[in-house]
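Peer 1:
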Amino acid sequence: MADFARLVTEQIPRLRRYARALVGTQRADDLVQDCLERAWSRRGLWDGQGELRAWLFTILHNLYANSVRRQAGAPAFEPLPEEDLPALAPSRHEAALELRDLERALACLSPEQREVLLLVGLEQLDYAEVATVLNIPPGTVMSRLARAREALRRALREPPRARLRRVK
Amino acid sequence: MSAEPPVNEVELHAWVDGRLEPARHAAVEAYLEANPSERQRLTDYRAIDAELHRLFDPALNEPVPASLKLPPARRWTPRAWLARAAVAAGFMLFGGALGWFANEQLRQPLVADRAFVRQALAAHVVYVPEVRHPVEVDAGQQQHLVAWLSKRLGATVQAPALEALSFQLLGGRLLPADGKPAAQFMYQDAGGRRLTLYVRRGLDGNRETAFRFAEQDGIGAFYWVDGELAYALAGDLERPALDQVAHAVYQQLNP
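Below you can see the structure in the form of structure tokens.
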């Protein structure tokens, strides 16, 4: 079990990154803590062989989906406080504005689209893993991914402040 | 002219994600060549992913708060706590004894060295699987990378050239280690195998150690202390191969 604790601990930074993108900085660590508690209480169910990361993301997804159902209608995303923006050396201000745009655009996606987009684009799970984690057919993964990407692209290109092209 | 599009939307996303089957690369490239607006669209998708990383990757480098340690704090019972305390006390006694012997006579790894190599292995495991953003600053900006990491560590660090052993520098990143900065350089060979060189300031003053080897879950690491810096070279390589790279690194840093 010491092994289990260590392997899970190695994944905590990634769980935090995902949770932060999914629900915002304020609520991210609560979500991760719930996820760790559930993982710990179910550690007997992990076979010791499978991909632990996908197993943890599945748990986190279920908790998130429950919370979305519970508070349907409530905004599931909070903007980051200013100090959480990463320090960027060149043209920091402009870059920060672009990041704000991305956050806003992310917030406009449905929770389902946001999850697929983040698992693929940020967490780099392969499509089959995403289907397993979210418990949806592979075709649904691809259609949600396509819709989410196109929605973000439009949101970032069309408003006057969006300057995606400068980012390269 | 009005033939079916040669590729489908799923394949275009696979192209964006670097997951396209090699057999389809030529077809997708031809399609994008013929459809510049489609290439622009996919480039935009990639830019979105890059922005996501820029926005959220800092979470990877932050120290994990105590509330997120395992086993979960909320589940601690007094009994379990006592058991853990006993284990911890035993470990500290053992570690203290080990450290004493090491200093006094045996040249065994210091406890601090073991913590160091664990950090290096953990950092290796976290960042090596990253497909497209394994590093914060890529090798294209090597001078900037080395200058930046040297400044943050407060010591001159170098990214050794390992081309002769067929490993190319991918880049590096800054990591926290017990509240102090550490640097990680990542290398990759043609087969996609990756090595990391983890560097931080000396653990307990200036000294030198021999190469030591540690292994965890099939990932081996050679580590050593050289003056004010401690190094760990980690990778999923056979031990002799890793040993060879470690010696090459050492020789470059001590010409």
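Same order as they appear, the protein sequences are chains A and B. When you number the first sequence by our numbering, it's gap-free, plus one each residue, and the end is 206. When you number the second sequence by our numbering, it's gap-free, plus one each residue, and the end is 301. Using N, Cα and C, we set each Cβ at its ideal position, and we do this for glycine too.
1. Does the Cβ of His99 (chain A) have 16 or more other Cβ atoms within 10 Å, making it buried, or fewer, making it exposed?
2. Do you know how far the Cα of Leu183 (chain A) is from the Cα of Ala229 (chain B)?
3. Taking DSSP's pairing of strands, which residues face Trp270 (chain B) in a bridge?
4. Determine whether the beta carbon atoms of Leu275 (chain B) and Ala292 (chain B) lie at a separation below 8 Å.
5. Indicate whether Trp93 (chain A) and Phe42 (chain A) have their beta-carbon atoms separated by less than 8 Å.
6. The alpha helix (DSSP H) that contains Gly177 (chain A), what's its start and end?
7. For the putative contact between Leu191 (chain B) and Gly217 (chain B), defined by C-beta atoms under 8 Å, what is the C-beta separation to the nearest angstrom?
8. Are the C-beta of Ile50 (chain A) and some C-beta of chain B separated by less than 8 Å?
9. Consult DSSP for Thr255 (chain B) and reduce its assignment to one of helix, strand or coil.
10. What separation, rounded to the nearest whole angstrom, lies between the Cα atoms of Pro176 (chain A) and Gly88 (chain A)?
11. Skipping 5 residues on each side, what residues in its chain have a beta carbon closer than 8 Å to that of Glu108 (chain B)?
12. Three-state secondary structure (DSSP) at Arg247 (chain B)?
13. Can you grab the Cα-Cα spacing for the pair Leu91 (chain A) / Met232 (chain B), in whole Å?
14. Nearest CA to the CA of Gly264 (chain B): which residue from B:Asp282, B:Tyr277, B:Arg258, B:Arg247?
15. With C-beta atoms as the reference, is Phe259 (chain B) less than 8 Å away from Trp270 (chain B)?
16. So, helix, strand or coil for Lys384 (chain B), using DSSP?
17. Output the distance between the C-alpha atoms of Arg108 (chain A) and Ala96 (chain B), rounded to the nearest integer angstrom.
18. Can you give me the Cβ contacts of Val172 (chain B) inside the same chain, cut-off strictly under 6 Å, excluding the 5 residues immediately before and after it?
Peer 2: If we stick to the structure as given:
1. On the first sequence, position 61 is the one that residue 99 (chain A) refers to. Counting every other CB atom within 10 Å of its CB across the protein chains shown gives His99 (chain A) a total of 16 or more, marking it as buried.
2. Mapped onto the second sequence, residue 229 (chain B) falls at position 183. Mapped onto the first sequence, residue 183 (chain A) falls at position 145. Looking at the two C-alpha atoms, the distance is approximately 35 Å.
3. The residue you call residue 270 (chain B) lines up with position 224 of the second sequence. Residue pairing by DSSP puts Trp270 (chain B) in a beta bridge opposite B:Tyr277.
4. Taking the second sequence and counting its residues from 1, the one referred to as residue 275 (chain B) is at position 229. Taking the second sequence and counting its residues from 1, the one referred to as residue 292 (chain B) is at position 246. The answer is no: Cβ separation not under 8 Å.
5. By one-based count along the first sequence, residue 93 (chain A) stands at place 55. By one-based count along the first sequence, residue 42 (chain A) stands at place 4. No, the pair does not count as a contact, with Cβ atoms beyond the cut-off.
6. As a working note, residue 177 (chain A) is residue 139 in the first sequence. Note, Gly177 (chain A): alpha helix (DSSP H), 176–195.
7. Residue 191 (chain B) sits at position 145 when you count from the first residue of the second sequence. Residue 217 (chain B) sits at position 171 when you count from the first residue of the second sequence. With a beta-carbon spacing of about 6 Å, Leu191 (chain B) and Gly217 (chain B) fall inside the 8 Å limit used to define contacts.
8. For this step, residue 50 (chain A) is matched to residue 12 along the first sequence. Residue-level contact check: Ile50 (chain A) touches chain B, since one or more beta carbons of chain B fall below 8 Å from its beta carbon.
9. Locating residue 255 (chain B) in the second sequence gives position 209, counting from the first residue. Looking at Thr255 (chain B) - three-state DSSP - the assignment turns out to be coil, as it is neither helix nor strand.
10. Indexing the first sequence from 1 puts residue 176 (chain A) at position 138. Indexing the first sequence from 1 puts residue 88 (chain A) at position 50. C-alpha separation (whole angstroms): 19 Å.
11. Residue numbering aside, residue 108 (chain B) sits at position 62 when the second sequence is read from its first letter. Spatial neighbours of Glu108 (chain B) in its own chain (CB-CB distance under 8 Å, excluding positions within 5 residues in sequence) are listed in chain order as Pro222.
12. The residue you call residue 247 (chain B) lines up with position 201 of the second sequence. Under the three-state reduction of DSSP, Arg247 (chain B) is assigned to strand.
13. For this step, residue 91 (chain A) is matched to residue 53 along the first sequence. For this step, residue 232 (chain B) is matched to residue 186 along the second sequence. At residue 91 (chain A) the sequence reads Arg, which differs from the Leu that was named. Within the model, the alpha-carbon separation for Arg91 (chain A) versus Met232 (chain B) is close to 22 Å.
14. As a first step, residue 264 (chain B) is located in the second sequence; it is residue number 218 there, counting from the start. For the residues B:Asp282, B:Tyr277, B:Arg258, B:Arg247, the minimum Cα distance to Gly264 (chain B) belongs to B:Asp282.
15. Here residue 259 (chain B) is taken as the residue at index 213 of the second sequence, counted from 1. Here residue 270 (chain B) is taken as the residue at index 224 of the second sequence, counted from 1. With respect to Trp270 (chain B), Phe259 (chain B) sits apart: the two C-beta atoms are not nearer than 8 Å.
16. What is shown of chain B runs 47 to 301, which leaves residue 384 (chain B) out entirely.
17. If you number the first sequence from 1, residue 108 (chain A) lands on position 70. If you number the second sequence from 1, residue 96 (chain B) lands on position 50. Each residue's alpha carbon lies about 32 Å from the other.
18. One-based indexing of the second sequence puts residue 172 (chain B) at position 126. Cβ contact annotation for Val172 (chain B) (same chain, cutoff 6 Å, sequence separation greater than five): none.
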